[in-house]
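**Student:** Be aware that the sequence shown starts at 1, since it is given in the UniProt record's numbering, and climbs by one per residue.
By construction, the Cβ of each residue, glycine as well, lies at the ideal position given by its N, Cα and C atoms.
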Amino acid sequence: DFASNLSAEDLYAHLFGGQTQSDPGGPIPGDDIALGLRISFMEAVKGCKREISVEREAHCSACGGSGNKSGSSPTQCSACDGKGNITRSHGMMFLRVVCNACGGSGMKIDHCRKCHGQGTKMESKTISVAIPQGVDTGTRVRLSGQGNAGRFQGPRGDLFVQIQVDRHPEFDRDGADVHLTVDLSFVDAILGTKIDIPTLSNDVTLTVKPGTQPGEIVRIRERGIKRLNRPDFGDQLIHFNVHIPKNVTNEQSSLLQNFRKVDPDYIDAVLDGEVKETPEPDSVSDSNTSDTASSRRRRRRKQSE
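1. Whose C-alpha, out of V182, G82 and L143, is nearest the C-alpha of T193?
2. Near N148, what residues of its chain come up, given a Cβ to Cβ distance below 7 Å and the 5 sequence neighbours on each side ignored?
3. Can you tell which of R167, R219, E251 and L255 has its C-alpha closest to the C-alpha of E43?
4. Would you tell me roughly how many angstroms separate the C-alpha atoms of V262 and Q252, rounded to the nearest one?
5. Counting Cβ pairs, one atom from each stretch, are 3 or more of them under 8 Å apart for the segment 237-254 and the segment 218-225?
6. Where does N68 land, buried or exposed, given buried means 16+ other C-beta within 10 angstroms?
7. At which residue ranges does the segment 183-223 contain complete alpha helix (DSSP H) runs of 4 or more residues, listed in the order of the chain?
8. According to DSSP, what are the bridge partners of D235?
9. Mark R230 as exposed unless 16 or more other C-beta atoms lie within 10 angstroms of its C-beta, in which case mark it buried.
10. Given that a residue counts as buried once 16 or more other Cβ atoms are within 10 Å of its Cβ, and exposed if not, what is H107?
11. Is the Cβ-Cβ distance between I131 and G47 less than 8 Å?
12. Can you list, in chain order, the stretches of the beta strand (DSSP E) that have 3 or more residues and sit fully within the segment 120-171?
13. Go through its chain and collect everything with a Cβ distance to G104's Cβ below 6 Å, but skip five positions before and after it.
14. Kindly list the residues whose CB is nearer than 6 Å to the CB of S22, restricted to its own chain and excluding five residues on each side of it in sequence; keep chain order.
15. Need the endpoints of the alpha helix (DSSP H) that N68 sits in, please.
16. So, at 7 Å on beta carbons, what are the nonlocal neighbours of P264 in its own chain, with the 5 sequence-adjacent residues on each side left out?
17. Over the uninterrupted alpha helix (DSSP H) stretch that includes S61, give me the two end residues.
18. Would Q164 and G65 be called neighbours here (beta carbons separated by less than 8 Å)?
19. Opposite F259 in the DSSP bridges: which residues?
20. Can you tell me whether residue 337 is helix, strand or coil according to DSSP?
21. On the three-state DSSP scale, how would you describe N250?
22. Please state whether DSSP places K226 in a helix, a strand or coil.
23. So what does DSSP say about V284, is it helix, strand or coil?
24. Under DSSP, the beta strand (DSSP E) around M93 begins and ends at which residues?
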């Protein structure tokens, strides 16, 4: 019958459309390599070039990557007829296995003594890596054709460099934006001032408006990090930390007492009979009285407008 005229391999191919190795003995592409690289915050901001050492497979210098002994030529493997694999039957089951005689190449070769027929040898290679501006932790930089060499003169794989960026002592990163905390004295926060602010490129003079509140944020446009593979930049955000001194001199205390006496809220409190003398530091005002007094002050100000 039909089945009795077929070999095990023919039947396997007929049932499963099985194709043997399409190019027995042909080039086999090399594997990719992945490495980690740690860089500084400013190297990520500005971009840099780094040298890395890679252990990788290279084409054998003795045989040029063919795996053949010099002067010899590969011949078709007689065990698998050049297919690179053999089909074995177990009852009604068919199993395709790699040919032991040729190692799956489909070719019988007189092995190169230096690489033992593999076509590759390990080498240590120093490679220059260009790190673009704007990379962040987790960014992968691809170097095409810098991975392992392929067997039987196959092309190289790629080298992937995974970036880890160190933290900066002053700047905190959020994508392309950077955050900076700036300390202000309470006097500068009240009166306003001008201060020099460090940015990623240079110092800039920033005008602090009078009445700046603790935790207030000022945004400086396009002073952040260049977006990866884009021409635009993020922003720099300034967070103000207003410093309240724990101790003041007698002169400073006197000046602050005078300031309180001309403060509108203090004057209104005196008119409402809430304040007759300087309160003790640990005194606590009654919330209901304070709310009522505040209402009277708001009404008085509204009437004067």
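**Tutor:** Looking at the coordinates:
1. The shortest C-alpha separation from T193 is found at V182.
2. Excluding sequence positions up to five before and after N148, its CB lies within less than 7 Å of the CB of G30, D31, I33, R56, E57, R156 and G157, all in the same chain and listed in chain order.
3. For the residues R167, R219, E251 and L255, the minimum Cα distance to E43 belongs to R167.
4. So the alpha carbons of these two residues sit roughly 16 Å apart.
5. Between the segment 237-254 and the segment 218-225, the count of Cβ pairs shorter than 8 Å is three or higher; the stretches touch.
6. Classification of N68: buried, given that the 10 Å Cβ count is 16 or more.
7. Within the segment 183-223, the complete alpha helix (DSSP H) runs of at least 4 residues are 186-191.
8. Per DSSP, none; premise fails for D235.
9. Counting other Cβ atoms within 10 Å of its Cβ, R230 stays below 16 and is therefore classed as exposed.
10. Checking the displayed sequence, the identity of residue 107 turns out to be Met instead of His. Counting Cβ neighbours within 10 Å, M107 comes out buried, since at least 16 surround it.
11. The Cβ atoms of I131 and G47 sit closer than 8 Å to each other.
12. List check, beta strand (DSSP E) in window: 120-131, 140-143 and 159-165.
13. So the list reads G84 and V98, once near-sequence residues are dropped.
14. With a pLDDT of only 42 at S22, under the threshold of 50, the placement of this residue in the model should not be trusted; the figure read from the coordinates follows. Setting aside the 5 residues that flank it on each side, S22 has no residue in the same chain whose C-beta is closer than 6 Å to its C-beta.
15. Counting along the chain, N68 falls outside any alpha helix (DSSP H), and DSSP gives it neither H nor E.
16. So the list is empty, once near-sequence residues are dropped.
17. Here S61 belongs to no alpha helix (DSSP H), and DSSP marks it neither H nor E.
18. No.
19. F259 pairs with nothing; no bridge assigned.
20. Since the displayed the chain opens at 1 and closes at 305, residue 337 lies outside it and no answer follows.
21. Note: N250 maps to helix in three-state DSSP.
22. Secondary structure at K226: strand, using DSSP grouped into helix, strand and coil.
23. Because the pLDDT at V284 is just 41, under 50, the model does not fix this residue reliably, and the point stays unresolved.
24. For M93, the enclosing beta strand (DSSP E) has its first and last residue at M93 to V98.
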